[in-house]
Every structure is written in C-alpha cells, then in structure tokens.
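Residue numbers (the working numbering): 6 to 410.
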Amino acid sequence: MFDVIVIGAGPAGMMAAYAASNRGLKTAVFDKNEKVGKKLFLTGKGRCNITNVSSDFFSNIVRNPKFLLSCYNNFSNMDLIQLFNRNGLATKVERGGRVFPQSDKSSDVIKTLSKITQDVGVKLHLHSPIKHIEKKEGQFLIGTRDGEMACRSLVIATGGLSYPSTGSTGDAFRWAHEWGHSVIALRPALVPLVDKTGICQKMQGLTLKNIRFTLFQNNKEVYAEQGEMLFTHFGLSGPVVLSASSFIHYDQDISTLMGEIDLKPALTQEQLDARLLRDFDQNKNKQLKTYLPALMPAKLETLFFDVANIDPEIRIHEISREVRGRIVQTLKGMRIAISGTRPVAEAIITAGGINVKEINPKTMESKIVKNLYFAGEALDVSALTGGYNLQIAFSTGYAAGVAAG
Ligand SMILES: Cc1cc2nc3c(=O)[nH]c(=O)nc-3n(C[C@H](O)[C@H](O)[C@H](O)COP(=O)(O)OP(=O)(O)OC[C@H]3O[C@@H](n4cnc5c(N)ncnc54)[C@H](O)[C@@H]3O)c2cc1C
Numbered sequence: 006m007f008d009v010i011v012i013g014a015g016p017a018g019m020m021a022a023y024a025a026s027n028r029g030l031k032t033a034v035f036d037k038n039e040k041v042g043k044k045l046f047l048t049g050k051g052r053c054n055i056t057n058v059s060s061d062f063f064s065n066i067v068r069n070p071k072f073l074l075s076c077y078n079n080f081s082n083m084d085l086i087q088l089f090n091r092n093g094l095a096t097k098v099e100r101g102g103r104v105f106p107q108s109d110k111s112s113d114v115i116k117t118l119s120k121i122t123q124d125v126g127v128k129l130h131l132h133s134p135i136k137h138i139e140k141k142e143g144q145f146l147i148g149t150r151d152g153e154m155a156c157r158s159l160v161i162a163t164g165g166l167s168y169p170s171t172g173s174t175g176d177a178f179r180w181a182h183e184w185g186h187s188v189i190a191l192r193p194a195l196v197p198l199v200d201k202t203g204i205c206q207k208m209q210g211l212t213l214k215n216i217r218f219t220l221f222q223n224n225k226e227v228y229a230e231q232g233e234m235l236f237t238h239f240g241l242s243g244p245v246v247l248s249a250s251s252f253i254h255y256d257q258d259i260s261t262l263m264g265e266i267d268l269k270p271a272l273t274q275e276q277l278d279a280r281l282l283r284d285f286d287q288n289k290n291k292q293l294k295t296y297l298p299a300l301m302p303a304k305l306e307t308l309f310f311d312v313a314n315i316d317p318e319i320r321i322h323e324i325s326r327e328v329r330g331r332i333v334q335t336l337k338g339m340r341i342a343i344s345g346t347r348p349v350a351e352a353i354i355t356a357g358g359i360n361v362k363e364i365n366p367k368t369m370e371s372k373i374v375k376n377l378y379f380a381g382e383a384l385d386v387s388a389l390t391g392g393y394n395l396q397i398a399f400s401t402g403y404a405a406g407v408a409a410g
C-alpha cells in the first residue's frame, strides 16, 4: 500500500514523485522502460533544454497558457533551476533564454532527477508496464508486473503519443477516457512539414539561416518568424518550420497549406530591386545562373528557377523589368505547397490531450475522479521549442505531487 503511485518516470512523473515523497509520503514510480527518462535523454539533441528564462515565457505556450499560470507560479523556471543547482547540476543560459546543463549532457539531468527522488525515498520500479487501473473503496488498484499495488492517490504522467519508442504510447488518454474525461483531438506539433510536389528532395540537407518563414492556410497567414530552416527528403524542417506546425488549424483544409521563404528579410522589395539593378549593370553579359550564387546557396537554384519560371540560361542584359520583378518576388517569397505534416510519432510533442477544463489548475486533480491526478504532456497544454515543454512537465508534475500528498 502506497500513499502515492506515479505512472511514468519522465520529467513530469519524477517531479511529481519527488514532491509527494518530500512531504513524507510513501511514494512509488512505475515505468515500463528499463531506465528513467528515455525521452528526456533525447531532448535538446542530447543536451536537454531544461527550461527558459526569457521574460515572455507565456507567449510561447501555445495551448492553454492560462491553465498553467497557477502551477507555474508555484514551481517556476527559477524554482526548477535552483532545485537542480542545489543538487549538483550546474546550468547555463544560452540564446533566447534557453537553459541547459553546464555539461551539455541530458544524462546529467536524468541523474539529478534520479538522485533527488532517491534522496527523499521514492521507490522506483522499472520494467513495469501498468496495464490496468481500478478504483475500489477509495483506493486505486494498479496492475503491475508483480501483482496488484494499492494507493490512495494516483498520478498519471505517461506522456503523449510522440516518439513511442521512448515509452509514450498514449495510455493516459485511454484511462482518462474510461473515467469519463474528454480528450481533445491529438495532433502532431513541432513536427516537420511534407511538400506536395517532392521538389524539396532536391535540396535535401540544405540549411537556410536568417530567412523569414511564413505559413499560410486558406490564403491566411497562420505563422511568420525569422530564423533557421532545413530541407529534407520529404519537405521542410528546422526551428521555424517546427514552430509553424504548431499553428496549423486542423478544423480547416490542410491541403491549402503553403510555406513561403523570404530569403532577404532585411531588404524591402524596393531595396532588393535597387540592389539587383546595380548588380545587373555590372554583370550585363553573365547568364542569370552564373550570377545567382551571389544571392543564394547553389543548392537552392533548382527551386528558384522552378518557382520563378525563368530560363536559367537567360543573359542579364536580356532581363526585362517584368522578369526582374519576378526575381525580386521569388527571392522575397519562394512558395512551397505543403500536403501536411509528418506523423505524430515523429513529432517533438503531441498537441491536444486531456481536457484541462476537467482538471483543477492548482492541483492537477481530476474534477471527475477524486485523488486522481494528471501531469505533463498528457494534458492539453503545449508550447513552442525553447525548454517550455519540459517546464510544463516539471510544473504540472510538481503541482500534482504536492497535492497528491
Ligand atoms: C526529440 C525530442 C526532443 C525534445 N527536446 C526538448 C527540449 O530540449 N526541451 C523541451 O522543453 N522539450 C523537449 N521535448 C519535449 C519533451 O521531451 C516532452 O514534452 C516531455 O518529455 C514530456 O514529459 P512527460 O513526463 O509528460 O512524458 P514523457 O517524457 O513522455 O514520459 C512518460 C513516461 O511514461 C512511461 N509510460 C507510458 N505508459 C506507461 C505505462 N502504461 N506503464 C508504465 N510506464 C508508462 C513512459 O515509458 C515514459 O517514460 C523533446 C521531445 C522530443 C521527442
């Protein structure tokens, strides 16, 4: 018999277990994996972007920022950093307020989480998939590998649907549904985009820095940001593209998605036209294709000529005002039709999840089932890249652990 059982040894579950056990309660964590924090290990390309200390924290929370307010105030980015620092994990702040372990090793974050839970006496059960849960006479009965375990409070922190090989296979959604919770449609977010025509394959591996990427749906802008993007064998990826994917309206026609790349965001159309006029004057006898490397990476030329519909062999002195206009327009807005996203299994996070209207925002307790708590990515709260999603897991996990205790 435990006071608190936590299902899932990811960031949300480990933090919940720490917070509960720190209050002197008999607490156990069960995870199906052979080790703690399998997804956490992959985060930040193995460096783990733990949280973010920029002043506009909440503008990076895409879904249900208001729900997060209370638990974030009780366990904020600074509380998290202090807890890690106190337990031997030195941290550093990088561009955009992103916080990483000083060692650049996600394994050190996992070690620290394991240490803090061990120090307060949490019992960790690995290789322990939970198959079923029942509630009888005010207790939860949890079906574990070693038979049934009972607890007074149960925290479910089993993550979303992304990267299922890390253990997150959506069990929280099934259980929540069985207990009468509604689950908001599960969608891939922070996920690469697939191009309609396959043209991106030709630019595979090309990274564009300091471009402006705009995503349109139904001819309306849904996202625009300056930054870095990447061409892949199936389409587009990289920071600005991943962020853009979080703003797709799934209740509208996905086939109308259109990506637009502005290669010269620092120049207006007029400034760019004036620069071309000057350059063309000095390169009159060159073919356009031999001048183009001055404007863009060579690998991008295929896409440029395809979109602009201009003969690459044309000599610069033959370029009319109309063709020059098309060159400017293409440089300022190279359009790529998008057919959709890669599947949720390849998404950084799962958007949607357990409806937060049915969860107490201070405690993470279910408003339907007493003493049942949800935390982490299983909830319908999600954010952009930058350490925000881990902070969501830590803040909601902490709130659930404190309240469950
Ligand atoms: C490649 C990648 C990079 C990322 N990088 C970052 C980053 O740098 N910064 C950031 O803020 N976010 C990042 N994220 C997102 C972040 O990792 C997640 O939002 C976060 O891990 C969610 O935490 P969680 O505890 O809710 O769930 P998870 O980390 O998914 O943990 C859930 C745990 O529950 C266990 N479990 C599931 N079902 C059962 C069951 N039935 N029985 C027992 N155990 C079960 C799983 O095995 C798993 O260990 C990244 C995600 C990916 C995929």
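Backbone N, C-alpha and C define an ideal beta-carbon position, used for all residues, glycine too.
Taking 8 Å as the cut-off, the Cβ atoms of Gly-102 and Val-58 count as close. At a threshold of 7 Å, Cys-156 does not count as near ligand 1, since its beta carbon sits no closer than that to any of the ligand's heavy atoms. Sixteen is the threshold: since fewer than 16 other Cβ atoms of the shown chains lie within 10 Å of the Cβ of Met-6, the residue is exposed.
Only residues of its own chain outside the window of five on either side were considered, and among them Thr-212, Leu-213, Ile-216, Phe-218, Leu-241, Ser-242, Gly-243, Pro-244, Val-245, Val-246 and Ile-266 have a CB closer than 8 Å to the CB of Met-234, listed in chain order. Of the heavy atoms belonging to ligand 1, at least one sits nearer than 7 Å to the Cβ of Gly-381. Ser-371 is bridged by DSSP to Ile-364. For Gln-87, the enclosing alpha helix (DSSP H) starts and ends at 82-91. By the Cβ rule, the stretch 180-196 counts as touching the stretch 350-362, because three or more pairs are nearer than 8 Å. For Leu-146, the CB contacts under 8 Å within the same chain, skipping 5 residues up- and downstream, are Ile-138, Glu-139, Lys-140, Glu-153, Met-154 and Ala-155 in chain order.
A straight-line Cα-Cα distance of about 16 Å links Glu-306 and Ile-321. Not one heavy atom of ligand 1 sits closer than 7 Å to the Cβ of Ala-350. As summarised for the stretch 185-255, the continuous alpha helix (DSSP H) elements at least 4 residues long and confined to that stretch are 244-250, given in chain order. Fewer than three pairs of CB atoms, one per stretch, sit closer than 8 Å, so the stretch 302-317 makes no contact with the stretch 249-258.
Per the Cβ contact rule, the stretch 351-371 is not in contact with the stretch 284-299 (fewer than 3 Cβ pairs under 8 Å). With respect to Leu-73, Ser-371 sits apart: the two C-beta atoms are not nearer than 8 Å. Taking 8 Å as the upper bound for CB-CB distance, Ile-10 and Leu-118 are not in contact here, some 18 Å apart.
The nearest non-hydrogen atom of ligand 1 is less than 7 Å from the C-beta of Ile-354.
Taking non-hydrogen atoms of ligand 1 into account, the C-beta of Gly-13 is found less than 7 Å away from one of them. Within the DSSP bridge table, the entry for Thr-32 names Val-9 as partners. In this structure, Ser-133 places its C-beta atom within 8 Å of the C-beta atom of Arg-150. DSSP places Pro-70 within a helical segment (H, G or I) once states are collapsed to three.
Setting aside the 5 residues that flank it on each side, Ile-364 is surrounded in the same chain by Phe-72, Glu-370, Ser-371, Lys-372, Phe-379 and Leu-384, each with a C-beta closer than 8 Å to its C-beta; the list follows chain order. Taking all protein chains shown into account, Leu-131 has fewer than 16 neighbouring C-beta atoms within 10 Å of its C-beta and is therefore exposed.
When DSSP states are grouped into helix, strand and coil, His-130 belongs to the strand group. Under the DSSP definition of a beta bridge, Lys-136 lacks any partner. A buried status is given to Pro-197, since no fewer than 16 other beta-carbon atoms sit within 10 Å of its beta-carbon. Ligand 1 has a heavy atom closer than 7 Å to the beta-carbon of Tyr-393.
Sorting Gln-274, Met-339, Lys-294 and Arg-340 by C-alpha distance to the C-alpha of Glu-318 places Lys-294 at the top. Contact between Ala-404 and Thr-368 holds, since their C-beta atoms are separated by about 6 Å, short of 8 Å. Between Leu-395 and Pro-106, the C-beta spacing is not below 8 Å. Counting only the Cα atoms, Phe-62 lies some 24 Å from Gly-42. Judged by their CB atoms, Lys-40 and Ser-173 are not nearer to each other than the 8 Å cut-off. Taking every protein chain shown into account, the CB of Thr-273 has fewer than 16 other CB atoms within 10 angstroms, so this residue is exposed. The distance from the Cβ of Gly-406 to that of Met-20 is about 6 Å, consistent with a contact at the 8 Å cut-off. Our two residues, Leu-88 and Gly-391, have alpha carbons roughly 19 Å apart in a direct line. Going by beta carbons, Thr-202 and Ala-342 fall inside the 8 Å limit.
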